[in-house]
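Protein chains: 2
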Amino acid sequence: MRRTLFAALGISLCVFITLFAQAKTPSSRPILQAEKTNLAERLGYSRDAKLLIVHADDLGMAHSVNAATIKGFEVGLVNSGSIMVPCPWLSEIATYARSHPQSDLGLHLTLTSEWTSFRWGPVLPKDRVASLLDKSGYLYLLETEAASHANVKEVEAEIRAQIERARSFGIQPTHLDSHMGTLYQTKELFETLLRVARENKLPTRIFRDQIAAMDYLPSILKPEDIIIDRVISIDPSVTPEGWAKFYTDAIKSVQPGVTEVIVHLAYDDAEMRAATHDHPDWGAAWRQRDLDFFTSDGFRKVLQENQIKLVTWREIGKLQYGR
Amino acid sequence: MRRTLFAALGISLCVFITLFAQAKTPSSRPILQAEKTNLAERLGYSRDAKLLIVHADDLGMAHSVNAATIKGFEVGLVNSGSIMVPCPWLSEIATYARSHPQSDLGLHLTLTSEWTSFRWGPVLPKDRVASLLDKSGYLYLLETEAASHANVKEVEAEIRAQIERARSFGIQPTHLDSHMGTLYQTKELFETLLRVARENKLPTRIFRDQIAAMDYLPSILKPEDIIIDRVISIDPSVTPEGWAKFYTDAIKSVQPGVTEVIVHLAYDDAEMRAATHDHPDWGAAWRQRDLDFFTSDGFRKVLQENQIKLVTWREIGKLQYGR
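Chains as they are written, first to last, in my numbering: chain L, 20 to 342; chain R, 20 to 342.
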């Protein structure tokens, strides 16, 4: 029942977006492609394949994050991640990216600096992006503050600079997303993300449930934009004791199509505890729990038992841009 | 014998500097003060008092450095330190500084970013201090590179900005020094440091042995500049097994006057190991050894047995600027 309902909802949203996009564009491109074949099929899997991206955010932020995420990659059950270019440990993760060119590493475009004891600024000279900075000269602590103060032209310049800087470090990003969702806060910001992503021929995270939350979305999507089916993301309502059960249940419920589970990996160590000392949500212990689950035999087993295959943003980008 | 020789050398250098400075300045200020009374006496101690500043460098660089140095302060045997304003953990140490306003915290003016995996840029907008940046847009890895590329006007602007930024974080610095000695590399750079220090009424580290290495020094010192007597600093020729013996012997040899021992405290933990992974000199294990010694009963005992008192840059600044 749940699968049927989800599939019906998914298809209707897909049709809605496709039709909306068609109404807005004079293009005769194959905009009905998404109706004829589902995303799994378009990616070369069977129509009912259950596909999962296990995506670790915040690479480059701290050594603890880099080390834990690389462990996740090595265990093989975390298969994608995105990098925060303005952060102090960029060089360390760039070294990894250069020596693992087939890794599925995107950019976690960064307009916030959220830990009170440990902070960073923009990539561009501060006087060129004054609207992105709080009184201390760092990026804002909160995504809402960042979005409400941001001059969109400065945002565009900064995220272009982050992409350029990543490339100058030898990172060839496979996708773009937005740290703390700042670029999903307003239509103008999301349009900026979409424009920059398209120009760079990179996919960005759009999923069906966003359409309900972002009512402007259909008006700015194009037929070729790929919409994944679902995102799984834990939240502070889950107790530490309930962590593995939450993820296990969520993964058992994965439906055909492409699901992304967004995880935050780090060690519960001195560096991470100090960074997150006043913010247990997404803090050190939280990230250790994510690391423990997503490198566990339990996770491997639930993937196998539910015939879930791992896919990457690289594959989605190839489909979207015909690389 | 050693003490006599050192004292004679010290006095002769002091006379030399004083006379040289007198020749260069028309001032009738009490330039012979340093001859009449030694520094210990001027600070209010007996003429033969052995005074020691135990100074921890690199605060703000990493959480590991902050935590270890704060431990040193709490144990009470480390009594001074200096902060790197451009570094990512500035906020954490600024919180400590605000809640411990009597701490002897200066600024470790920073023109280098020396760890390959973990880096930082300047305080000023990058386009205003282009000569301070390497190709990656960070401060140079090496002090020699930094000094050879630096435009002195940009250096002056950047170190003024570091002081201003520290104050905006509620840090009231008691002294200035130079990370990796970059500002001691050329006469022009040192003159810049001296000018900025004097304008801010802050003492900066000058010690007698520098005069031999920096032949221009007498020409730019003024009578009121305070020259401490000696600096103790361990170097890579000391084996880990010889660490405590090196410091113990050095402290036993402390002469009357003011000596500064420059230490680098951190934990030998994951963060610090990753930061210093390709640079064992001044690396994680090195800093743990420093932490172990300077919080040890052995250090406390050698101070007591040799009647060595701890003094601070705050006291020197009060003397120099009559605060």
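For every residue, glycine included, the Cβ atom is placed at its ideal position computed from N, Cα and C. These numbers were taken from a predicted model, which means no experiment stands behind them.
Relative to the alpha-carbon of VAL174 (chain L), which residue among L:PRO299, L:ILE72, L:VAL142 has its alpha-carbon at the smallest distance?
One-based indexing of the first sequence puts residue 174 (chain L) at position 155. Checking every option, the nearest Cα to that of VAL174 (chain L) belongs to L:VAL142.
So that I know if they touch, is there some Cβ in chain R lying closer than 7 angstroms to that of ASP153 (chain L)?
Stepping through the first sequence from its first residue, residue 153 (chain L) is reached at position 134. So no, ASP153 (chain L) is outside the interface.
CB-CB length for PHE265 (chain L) against ILE246 (chain L), believed under 8 angstroms
Along the first sequence, read from residue 1 onward, the residue named residue 265 (chain L) stands at position 246. Along the first sequence, read from residue 1 onward, the residue named residue 246 (chain L) stands at position 227. Contact doesn't hold; Cβ gap of about 25 angstroms is too wide.
Got a sec, what are the start and stop residues for the beta strand (DSSP E) THR278 (chain R) sits in?
Locating residue 278 (chain R) in the second sequence gives position 259, counting from the first residue. THR278 (chain R) -> beta strand (DSSP E) spans 276 to 282.
Could you compute how far the alpha carbon of VAL277 (chain R) sits from the alpha carbon of GLU207 (chain R)?
Along the second sequence, read from residue 1 onward, the residue named residue 277 (chain R) stands at position 258. Along the second sequence, read from residue 1 onward, the residue named residue 207 (chain R) stands at position 188. Cα to Cα, the separation comes out at about 27 angstroms.
Nearest to CYS106 (chain L) (by Cα), restricted to the options L:VAL280, L:SER197, L:ASN170, L:LEU78
For the purposes of this step, residue 106 (chain L) is taken as residue 87 along the first sequence, with counting starting at 1. When only C-alpha atoms are compared, the closest one is L:LEU78.
List the residues that DSSP assigns as beta-bridge partners of SER101 (chain L).
The residue you call residue 101 (chain L) lines up with position 82 of the first sequence. Answer by DSSP bridge pairing, in chain order: L:GLY125.
Check THR201 (chain L) in the structure and name its three-state DSSP category.
As a position in the first sequence, residue 201 (chain L) is number 182, starting the count at 1. THR201 (chain L): helix per DSSP, three-state reduction.
Got a sec? Which residues, its chain only, sit under 6 angstroms from PRO45 (chain L) by beta carbon, not counting five neighbours each side?
Counting from one through the first sequence, the residue named residue 45 (chain L) turns up at place 26. For PRO45 (chain L), the predicted model reports a pLDDT of 37, less than 50, meaning its position is unreliable; a value from the coordinates is still stated below. Here the set comprises nothing.
So which of L:VAL84, L:PHE226, L:HIS198 has the shortest CA-CA distance to GLU279 (chain L)?
Numbered from its first residue, the first sequence carries residue 279 (chain L) at position 260. Closest by alpha carbon: L:PHE226.
GLU177 (chain R) CB to nearest heavy atom of the ligand ADP below 6 angstroms
The ligand content of the structure shown is nil, which means the ligand ADP is not present either.
Run through DSSP, which three-state label would GLU308 (chain L) get?
Looking up residue 308 (chain L) in the first sequence gives position 289. Note on identity: in this sequence residue 308 (chain L) is Arg, with Glu being the wrong assignment. Residue state, collapsed to three classes: helix.
Can you tell me whether DSSP reads GLY336 (chain L) as helix, strand or coil?
Translated into positions along the first sequence, residue 336 (chain L) becomes position 317. Helix at GLY336 (chain L).
Does the region 181 to 190 of chain R come close enough to the region 147 to 155 of chain R that 3 or more CB-CB pairs lie under 8 angstroms?
no
According to a CB-to-CB cut-off of less than 8 angstroms, which residues of the region 164 to 198 of chain R neighbour chain L?
ARG184, SER187, PHE188
Closer than 9 angstroms between beta carbons: that is the criterion. Which residues of the region 118 to 152 of chain L meet it against chain R?
TRP134, THR135, SER136, PHE137, ARG138, TRP139, GLY140, VAL142, LEU143, PRO144, LYS145, ASP146, ARG147
Contact under 7 angstroms by Cβ, GLU334 (chain L) with LEU62 (chain L):
The count along the first sequence starts at 1 and reaches residue 334 (chain L) at position 315. The count along the first sequence starts at 1 and reaches residue 62 (chain L) at position 43. Cβ atoms of GLU334 (chain L) and LEU62 (chain L): closer than 7 angstroms.
Determine the extent of the beta strand (DSSP E) in which ALA75 (chain R) is found, giving its start and end residues.
Working through the second sequence from its first residue, we reach residue 75 (chain R) at position 56. That run of the beta strand (DSSP E) goes 69 to 78.
Check for me: the alpha helix (DSSP H) holding LEU58 (chain R) runs from which residue to which?
Translated into the one-based positions of the second sequence, residue 58 (chain R) becomes position 39. Note, LEU58 (chain R): alpha helix (DSSP H), 58 to 61.
Run down chain R in chain order and give the residues with a C-beta less than 9 angstroms from the C-beta of GLN114 (chain L).
Position 95 of the first sequence, counting from 1, holds the residue named residue 114 (chain L). Note that residue 114 (chain L) corresponds to Thr in the displayed sequence, not to Gln. Those are THR135, SER136, listed as they occur along chain R.
Amino acids of chain L, ordered along the chain, whose beta-carbon sits closer than 7 angstroms to that of TYR266 (chain R)
Within the second sequence, the letter at position 247 stands for residue 266 (chain R). Those within 7 angstroms of TYR266 (chain R) in chain L number zero; the least Cβ separation is about 25 angstroms.
Since GLY111 (chain R) meets chain L, which of its residues come closer than 7 angstroms, beta carbon to beta carbon?
As a first step, residue 111 (chain R) is located in the second sequence; it is residue number 92 there, counting from the start. According to the sequence displayed, residue 111 (chain R) carries Glu and not Gly. The contacting residues are SER136, PHE137, ALA293.
Mind pulling the chain R residues with CB within less than 8 angstroms of HIS82 (chain L)?
Counting from 1 along the first sequence, the entry for residue 82 (chain L) is found at position 63. Simply SER136, PHE137, ALA289, GLU290, ALA293, ALA294.
Sub-7 angstroms separation of THR131 (chain L) and MET199 (chain L) beta-carbons
In the first sequence, the residue the question calls residue 131 (chain L) occupies position 112. In the first sequence, the residue the question calls residue 199 (chain L) occupies position 180. It is a contact, given that the beta carbons lie within the stated cut-off.
Of all the CB atoms in chain L, is at least one closer than 7 angstroms to the CB of PRO299 (chain R)?
Mapped onto the second sequence, residue 299 (chain R) falls at position 280. It does not: the Cβ of PRO299 (chain R) has no partner Cβ on chain L nearer than 7 angstroms.
Would ILE50 (chain R) count as contacting chain L if we go by Cβ distances under 7 angstroms?
Taking the second sequence and counting its residues from 1, one reaches residue 50 (chain R) at position 31. Residue placement at ILE50 (chain R) is poorly supported in this model, since its pLDDT is 39, which falls under 50; the coordinates still yield a value, given next. It does not; no Cβ of chain L falls within 7 angstroms.
Find the nearest neighbour of LYS336 (chain L) within the set L:ASP309, L:VAL273, L:LEU195, judged by alpha-carbon distance.
The residue labelled residue 336 (chain L) in the question sits at position 317 within the first sequence. Note that residue 336 (chain L) corresponds to Gly in the displayed sequence, not to Lys. It is L:LEU195 whose Cα lies nearest to the Cα of GLY336 (chain L).
Which same chain residues end up closer than 7 angstroms to LEU338 (chain R) when comparing Cβ atoms and leaving out the 5 residues on each side of it in sequence?
Along the second sequence, read from residue 1 onward, the residue named residue 338 (chain R) stands at position 319. These residues qualify, in order along the chain: ARG61, LEU62, ILE245.
Report the three-state DSSP secondary structure of ILE253 (chain R) (helix, strand or coil).
Start at 1 with the first residue of the second sequence, and residue 253 (chain R) comes out as number 234. It is coil, neither helix nor strand.
Just to confirm before moving on: does the CB-CB distance between SER18 (chain L) and THR314 (chain L) stay below 7 angstroms?
This structure gives no information on residue 18 (chain L), because the portion of chain L shown stretches from 20 to 342.
Let me confirm a value: THR122 (chain R) is counted as buried when at least 16 other C-beta atoms fall within 10 Å, else exposed. Which label applies?
Looking up residue 122 (chain R) in the second sequence gives position 103. For clarity, residue 122 (chain R) is Ser in the given sequence; the question names Thr instead. Classification for SER122 (chain R): buried.
If you draw a straight line from the C-alpha of ALA285 (chain L) to the C-alpha of GLU324 (chain L), how long is it?
As a working mapping, residue 285 (chain L) is identified with position 266 in the first sequence. As a working mapping, residue 324 (chain L) is identified with position 305 in the first sequence. Each residue's alpha carbon lies about 27 angstroms from the other.
Give the interface partners of TYR286 (chain R) over in chain L, defined as CB-CB distance under 8 angstroms, in chain order.
If you number the second sequence from 1, residue 286 (chain R) lands on position 267. ALA289, listed in chain order.
Neighbourhood of ASP300 (chain R) by C-beta, 6 angstroms cutoff - its chain only, sequence neighbours within 5 removed
Looking up residue 300 (chain R) in the second sequence gives position 281. Closer than 6 angstroms at Cβ, skipping near neighbours: PRO255.
Counting only C-beta atoms, is PRO222 (chain L) closer than 7 angstroms to chain R at any point?
For this step, residue 222 (chain L) is matched to residue 203 along the first sequence. No, because no Cβ of chain R sits closer than 7 angstroms to the Cβ of PRO222 (chain L).
For ILE343 (chain R), write down the residues that DSSP places opposite it in a beta bridge.
Because residue 343 (chain R) is not part of the residues shown, which for chain R are 20 to 342, the question remains open.
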